[in-house]
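*Asks:* The structure is given below, and queries will be raised subsequently.
Residue numbers (this note's numbering): 52 to 120.
Quick look at the structure:
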């Protein structure tokens, strides 16, 4: 079994699910024609996208800075 040890791989494992969640958060109300204020959907999507980028960067920094002892 292959171990996921690369810093980029671990950062992607943290960031990509949150990016997918942000896309779902934007697409579902838009596609279903729900009566949700568009600004609320856009604000939530923006927040989730920035959160996912921040989490990915944090994971990359933590993994890249660890000692290999």
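Note that the Cβ used here is the ideal one computed from N, Cα and C, for glycine as well.
Predicted model only: the values in this text are computed from it and were never measured.
Is the shortest distance between the beta-carbon of residue 73 and the beta-carbons of chain C less than 7 Å?
*Replies:* The question asks about chain C, but that chain is absent: this structure has only one protein chain.
*Asks:* With distances taken between CB atoms, is the gap from residue 100 to residue 58 smaller than 7 Å?
*Replies:* no
*Asks:* In this structure, does DSSP put residue 59 in helix, strand or coil?
*Replies:* Three-state result, residue 59: helix.
*Asks:* Any idea what DSSP makes of residue 10, helix, strand or coil?
*Replies:* One cannot answer for residue 10 here, as it falls past the ends of the chain, which runs 52 to 120.
*Asks:* DSSP on residue 102, reduced to helix/strand/coil?
*Replies:* helix
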